[in-house]
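Novice: Sharing a structure below in structure tokens format, with a few things to ask.
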Amino acid sequence: MKLLLIILIVTSVLTAQTYEAIKVKGEVKYQTDSGEKWLGLKQGDILNSNSVVTSGADAQVQIKTENIIFSLKELSAISLSNIKQLSRDELLLALAMEDMLNVPKKNENTALSTAVYGSKEDGINPLFIKSDNFGIKRLNGAVQLAESGMEESAILAAKETYRKYPDVKSIPAIRIFFADLLSKKGLYEEALKEFLEIQTLNLTVEQKAEVDSTTDELKKKLMNN
Amino acid sequence: MIFNAKILSQSSFGLTGLWGLSSKASVPFYNYETNTSNFSILNDWGISLTYGAEFSESINSNIYSISLSKTLSDHNLSGRFSPGYQKQFLFSTGEVIVINDTTTQSLNADYTYKELFGLGYSYKFTPQLSAGFTFRFFNQDFNREIVKPVFGDTLYLVRENLNEQINYWKGDLGINFFLNDNFSFSAASINLLNIAEQTENPEFEGYELKYETEALLAGSYTPVEFINLHLMYETSGSFQVSAAGFAAQFVYGLTAFHDKYQSPYFAGIVPAIGYKSKLFEIFLSGVKYFSDRKAEQNFSQFEDEGIHNIINNPYSYDKILLSLSFNIDGSTEQKVKLIDVELVEDIYPTFYDAYVDNPIAYGLAVNLTDEKLTIKPSLKIKDVNEAVIQSPEINIAPFDTVRIPFYIIIPDNYSAGKPVLSYADFYISVTSDETDDQLQKPMLVNGINAWDGKVSNLRYFIKRDVDFSMNYSKKLLSDNKQMLDTLPSALAPFYKAKILFDDFVKRLVYTSDPRATEEYVQFPKQTIDLKGGDCDDLSVCYSSLLESVGIQTALVDYKSNGTFRHVNILFNTGLTPGQASYITNNDTKYFVRKNSSGDDEIWLPVETTSLTNFATGWKIGVEKFNKEAISDLGIATGKVEIIEVY
Amino acid sequence: MEGEFLIEGKSLLSLIIIVYNFNLTKMKNFIINTTLIIIAVIIYGCDKPAPTELINDVSDGEQLEYEILTNDLNENNVSRGTDTSGIMQDFKGLRNIISVSGIKITNQNHTVEFCLAQGFFFDWTQPVYYSNERLLGYKTIIPGIMKFDNNLARIVPYKVRFRDRGEFQDSVLGNKFILYRSKSGVGDPFWFEYGSPVSFEFQPVSGEPVTFDIPTLKEITGTVQLRGNSSDKNLEAVLEWNETEGKRVWLVLGVIRPGQMSSLPVYRFGVKDRNKLIIPKRFFNELQLQNFNKLVFTFIRSIEKMERHGEINLFVSSQNIHSIVIDIP
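As they're listed, the protein sequences go chains A, B and C. Final position of the first sequence in the working numbering is 277; the numbers increase by one with none missing. Final position of the second sequence in the working numbering is 894; the numbers increase by one with none missing. Final position of the third sequence in the working numbering is 359; the numbers increase by one with none missing.
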């Protein structure tokens, strides 16, 4: 039995990537290997892809893996396995997988999340929300992924966060941000699906206008294809 | 007054001619004369009637015979009532009473020979060889005037009628042999067994039917259907030859016979023509003699030579006969034929409903009729099914050939652990009473633990033995009742799963090769009794335990392009994503799945082969799932598959 | 008859057509329909096959004739013939009779044998009647002399005994010619061998003499075997004789009362010369055998012919006779 465990663990370790915390500022914690505890992250620590890193207020951490250096700002969280460049195809596959994860539908009742969240906007960056809510922290992390150029991964991270923290789905600005990303990546159907859902959220007038026009554009685009 | 007339009972002449054994018409076989062995081509009941007219001084018509025949598998039994088989002779006895010089009174006699009825039995040993016997009953009715002196006041002579009825049974054996399609042979006895009453009156001595034992040999040469040649030879020297044939629905033939006791050499011919339909046959035959039968016949010739055959003798008249027979012949009614059956699936008895939607075989059925037919296919596997299992009805257009699916249900109580080579009987029928055609194919029925390697079929193993799992789980949970009662109900599934896992692994001693063993999966009870199993067995067992207490599970199939393949499970905690923190702080340890109503639920992966504890099993399951299913996009690429258990 | 057959044939055919139109895939239907047809046909077609009438090509000479000679068994010794053996020949209708007989009588293994030659000439102008005016016979005359094998026949009275009005009467109807000799040598010098002809000569009073040969037949010798007995009513007799020449043979059965010498002939059977005859029981059972103590079986082989010579027609009869007398068992 133990041998089995060792085999399983070793094989996963052997193929694992390593992530190094090259700069740590402030309170940064991590969970690893399905552990329940949050452990303090110090500069120089090496983590594996099973790890999740979170930053407190005013904290920051730079993580290096292979040829990517990613900066995680304050009040954000990220799964280290998300720090990678994905191809568009991989993104497509991953998006397709979304539905496959679900139990096969028997009826079409897609209950949309009805929880309404106040859109907490920061004056500087409306896409950054200060909160201790882990879901929001993850979203922040996802946005940062996108800003770092790993837009595909960012989309996936966001999607995963929406799944696990359905409440955060009702934050319009970030939702719109990621929906735009989808559109930017040429994934019009996915984008349209998002925008249609966004239309049901509590939007500002500007947001609404933007969403509506984007929705129409997407519809046209899709019809022409 | 003692005459020595040779009167013999039937030898081989038949009123419808000589047709050999290859006849496709059944009428000739009702003649015991040519068919001593009671050969029959019928499959079931047959009834026949021969009606004819005789061209004597006037035309006399009557029923010659009525027969009934029944074939039961390889046996045939028949009976014939033959009122027309009789010959009556009227003559002066050659005695006179002298009354005075000018007046005499001559005395007359009236002898009637009859064959009243006969019975036949035959048995088909092989399609080529059959044998049988016939028993025939004859009656002789002798009436003769004799001189009787009577003393009243004076003595005078009167005529008195002396009558005696003498009965006679005759039994004969026959055997038939089909050498091949072209040749067939028969041999039979004539007058082999004779049980005869003797006459009490000397006046009738010498006129009774005599029975010289002879033999009969016959052969047929049937090169083509439209002309066949037949020969029948008796050891007494008489014989018959015929040429007969079939074309479409018609049969025709001409028989010529040589009777030792008749002249000319070919005493006569029997032409015959018949028409055969599915249901009945109608035959028209005639007997034409080449001598003048209406000419006067002398008593002295009768006295010297006698007769050897009641219906064919020097005193027989020309005849014309109409024979009808009705056959219930099952095989000619075949409406559909099952040409072939192709087995497309192996049978895994545990996959109880797999073959309800997926046929295990396809048959090729032909509609032989000119009308649209609806057929009901059905199937029965020996030692598996007690009764036939019906498959849906299929319509077949006239003369069309269709591929029909056969479905099967394996009964719940099938319990053979080892594979069994049995056979399956496939039936198709048009009416609900009878089967029109059937085929048998050998069929391998796998043992109940057999598995085809598809993880989706593991659910059958999970769902079987539900009682055991339920009792087992319930017992385990009831031992922890106190703890469970204190929990909020939302957390119950999680904790139940934990308790069940911890107990389940405690009892297990080993894990065999964690690679999924195709072909064999243990039932939960077996895994627990054996205290171990491979990843399929353990996943099946754990899933079964969870399912039996209402916790939804799914199997995760980690395929690989090598030989390393693995199965573990996912179970549904029933918690919403917002409730995740009740069970873990680490959001990588669970997965959110929308249920069929669209609600998000938290599912946890568990590695069942980690025989440590629930926490470890969960951890290992999570890491594998995260990496291979999510990160490596396994679910999208098909390398990882989630199979619901339902 | 022909028309009948056609009608029956048509009805049969129409029945067949009706039946065929039914849906006969079910057994019940089938049986019902078939039974109906059969019944119909049985009703229609119940002639018997025609009998064959065989022509009786048995010539008269070969038929077996049965005749009663005496129907009143109470008659006593009515002798209508002339020979002492009591054999009858029916003389009615004959004008004259010339008869040559070779006779054997066997009685308890003792056989006497003798020859007899007789001649009668009847005078039809002198009939003799019974009292009830039934014809008894005619008176005889002697119109000349007669010789057999050159032996002159004696002339003796022709006696008859008959029963009239319940009483026996003897009467002489005239004279007859006779020659008689027994084998032991008693009698006239006249003897003939069986098979060799007897020459005959008749010289009428007026007219030319008539001569011819009378053929004689081979000897007849018979045997009688009695089976059964009279009290059990199962008496029957098997008569056998030497068969020759295929000519007709007569067999006469007669009865003898106790104490009587002459017999009462009862039955005469005329048979083809076939050397055997069985007299069945029924012939004995009616005879009231308790009244008699002996039976006489007589075998007769005879030939008869008419000899015409000028105006004279003579009926010539040559007989061989063998009588066997047996006690009734």
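Ideal Cβ positions, reconstructed from N, Cα and C, are used throughout, including at glycine.
For residue 879 of chain B, which residues in chain A fall below 8 Å Cβ to Cβ?
Specialist: Those are 101 and 133, listed as they occur along chain A.
Novice: Which chain A residues sit within Cβ distance under 8 Å of residue 883 of chain B?
Specialist: Result: 149, 152 and 153.
Novice: Name the chain B residues that come within less than 8 Å of residue 146 of chain A, Cβ to Cβ?
Specialist: Going along chain B in sequence order, the residues near residue 146 of chain A (Cβ under 8 Å) are 881 and 884.
Novice: Relative to the alpha-carbon of residue 220 of chain C, which residue among C:229, C:210 and C:227 has its alpha-carbon at the smallest distance?
Specialist: For the residues C:229, C:210 and C:227, the minimum Cα distance to residue 220 of chain C belongs to C:210.
Novice: Between the Cα of residue 773 of chain B and the Cα atoms of B:822, B:681 and B:790, which residue gives the shortest distance?
Specialist: Measuring from the Cα of residue 773 of chain B, the nearest candidate turns out to be B:790.
Novice: For residue 155 of chain C, report the span of its beta strand (DSSP E) as first-last.
Specialist: Counting along the chain, the beta strand (DSSP E) containing residue 155 of chain C begins and ends at 140 to 159.
Novice: Nearest to residue 185 of chain C by alpha carbon, out of C:150, C:157 and C:164?
Specialist: Answer by Cα proximity: C:150.
Novice: Going by CA-CA distance only, name the one from C:265, C:329, C:354 and C:344 that's closest to residue 318 of chain C.
Specialist: Per the Cα distances, C:265.
Novice: Anything in chain B within Cβ reach of residue 328 of chain C, meaning under 8 Å, just list it in chain order.
Specialist: Chain B residues near residue 328 of chain C: none, gap ~17 Å exceeds 8 Å.
Novice: Give me the subset of the region 91 to 120 of chain A whose CB atoms are less than 8 Å from a CB atom of chain B, sorted by chain position.
Specialist: Against chain B - using a Cβ distance shorter than 8 Å - the residues of the region 91 to 120 of chain A are 101, 102 and 104.
Novice: Which residues bound the beta strand (DSSP E) around residue 254 of chain C?
Specialist: Residues 252 to 257.
Novice: Given a threshold of 16 other Cβ atoms within 10 Å of its Cβ, counted over all protein chains shown, does residue 267 of chain B qualify as buried or as exposed?
Specialist: Burial call: buried.
Novice: Counting only beta-carbon separations shorter than 8 Å, does residue 801 of chain B have a partner in chain D?
Specialist: Absent from the structure is chain D; the protein chains it does hold are A, B and C.
Novice: Could I get the ranges of all uninterrupted alpha helix (DSSP H) runs contained in the region 255 to 341 of chain C, with 4 residues as the minimum, in chain order?
Specialist: Here the runs fully enclosed are 311 to 315.
Novice: Residue 836 of chain B touches chain A at which residues, Cβ-Cβ below 8 Å?
Specialist: Those are 83, 86, 102, 104 and 131, listed as they occur along chain A.
Novice: Using CA coordinates, which residue listed in B:833, B:481 and B:769 is at the minimum distance from residue 782 of chain B?
Specialist: Checking every option, the nearest Cα to that of residue 782 of chain B belongs to B:769.
Novice: Which residues in chain B have a C-beta closer than 8 Å to the C-beta of residue 318 of chain C? List them in chain order.
Specialist: Near residue 318 of chain C (Cβ distances below 8 Å), the residues of chain B are 399.
Novice: Please list, in chain order, the chain C residues whose beta carbon lies closer than 7 Å to that of residue 396 of chain B.
Specialist: Per Cβ cutoff of 7 Å: 312.
Novice: Whose C-alpha, out of B:654, B:377 and B:419, is nearest the C-alpha of residue 428 of chain B?
Specialist: When only C-alpha atoms are compared, the closest one is B:377.
Novice: Over what stretch of residues does the alpha helix (DSSP H) that includes residue 140 of chain A continue unbroken?
Specialist: Counting along the chain, the alpha helix (DSSP H) containing residue 140 of chain A begins and ends at 140 to 153.
Novice: Among all the DSSP beta bridges, which residues are the ones paired with residue 384 of chain B?
Specialist: Bridge partners of residue 384 of chain B: B:366 and B:418.
Novice: Can you tell me which of the three DSSP states residue 357 of chain C falls into?
Specialist: Residue 357 of chain C falls in the strand class under three-state DSSP.
Novice: Does the region 496 to 510 of chain B come close enough to the region 558 to 568 of chain B to have 3 or more Cβ pairs within less than 8 Å?
Specialist: Verdict: yes, contact present.
Novice: So, helix, strand or coil for residue 293 of chain B, using DSSP?
Specialist: In the structure shown, residue 293 of chain B sits in a strand (DSSP, three-state: E or B).
Novice: Beta-carbon of residue 357 of chain C versus every beta-carbon of chain B: anything under 8 Å?
Specialist: It does not; no Cβ of chain B falls within 8 Å.
Novice: Mind reading off the beta-carbon distance from residue 675 of chain B to residue 614 of chain B? Whole number of angstroms is fine, and I expect it under 8 Å.
Specialist: At roughly 15 Å, the Cβ-Cβ gap does not stay under 8 Å, so residue 675 of chain B and residue 614 of chain B are not in contact.
Novice: What whole-angstrom Cβ distance do residue 68 of chain C and residue 314 of chain B have, given they're in contact under 8 Å?
Specialist: So it is a contact: roughly 6 Å between Cβ atoms.
Novice: Determine the chain B residues that contact residue 95 of chain C at a beta-carbon separation under 9 Å, and present them in chain order.
Specialist: In chain order: 343, 344, 345, 346 and 352.
Novice: Around the C-beta of residue 459 of chain B, are 16 or more other C-beta atoms found within 10 angstroms, so that it is buried, or is it exposed?
Specialist: Counting Cβ neighbours within 10 Å, residue 459 of chain B comes out buried, since at least 16 surround it.
Novice: Under 8 Å Cβ to Cβ from residue 424 of chain B, same chain only, skipping five residues before and after it: list those, please.
Specialist: 269, 285, 287, 377, 378, 379, 432, 433 and 434.
Novice: If the criterion is Cβ atoms closer than 8 Å, does the pair residue 661 of chain B and residue 596 of chain B meet it?
Specialist: No.
Novice: So what does DSSP say about residue 240 of chain A, is it helix, strand or coil?
Specialist: Looking at residue 240 of chain A - three-state DSSP - the assignment turns out to be helix.
Novice: Please state if the CB of residue 250 of chain C and the CB of residue 350 of chain C are separated by a distance shorter than 8 Å.
Specialist: Taking 8 Å as the Cβ cut-off, residue 350 of chain C and residue 250 of chain C qualify as a contacting pair.
Novice: Looking only at C-alpha atoms, which of B:692, B:815 and B:654 sits nearest to residue 667 of chain B?
Specialist: Checked all of B:692, B:815 and B:654; the closest Cα to residue 667 of chain B is B:692.
Novice: Does any CB atom of chain C fall closer than 8 Å to the CB of residue 683 of chain B?
Specialist: So, not an interface residue.
Novice: For residue 199 of chain A, report the span of its alpha helix (DSSP H) as first-last.
Specialist: Start and end: 186 to 199.
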